[in-house]
Structure formats: C-alpha cells, structure tokens
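Residues 2 to 70 (our numbering) make up the sequence shown, in order. Don't be surprised by glycine CBs; every beta carbon is placed ideally from N, CA and C. To keep things clear, I will list the structure first and then write my remarks on it.
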Amino acid sequence: MMGSKGLIEASKIATLNANYMAKRLESHYPILFRGVNGIVAHEFIIDLRAFKDKSVCEHVQRKEPVTAR
2 MMGSKGLIEA SKIATLNANY MAKRLESHYP ILFRGVNGIV AHEFIIDLRA FKDKSVCEHV
62 QRKEPVTAR
C-alpha cells in the first residue's frame, strides 16, 4: 500500500491540513486541546456548545413522525 514513507508523508499532510483549518476557524470557534506549542495533531476539536444555548431545536417536538418517501 503506502509503505512507511507514504504513511509518514500522509501524517505530515494531515497535521498540516488540521492546523490550517484550526487557524482559519479559531476566530469563529474555540479550538479545544491544543498542544503546548499551540498546534493541533492530525485532528482537532471545535467547541460548539454555544449552539445548544442559542438553538430551539431541542424544544421543538414533531406533530407527526417523519416517514420515508
């Protein structure tokens, strides 16, 4: 498949992409669990708990069940 060199390259690219995305989103959403040097690994977590406070979706009840068409 990828081999050891391919796996290392894919890991580097994944880390680079995750940090690019985290940097772009940090002014809009809190980024959780950054490393000591401020970067994220190959994935990152954004805090979306503020949506729950502003949303009414949890309080809306359907009158009829949704059926497949």
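Around the C-beta of A23, 16 or more other C-beta atoms lie within 10 Å, and the residue is accordingly described as buried. Residue state for L17 is assigned as helix, using DSSP reduced to three classes. Note that the segment 27-41 does not touch the segment 2-14; fewer than 3 beta-carbon pairs, one per stretch, sit closer than 8 Å. R50: member of the alpha helix (DSSP H) spanning 50-55, first to last residue.
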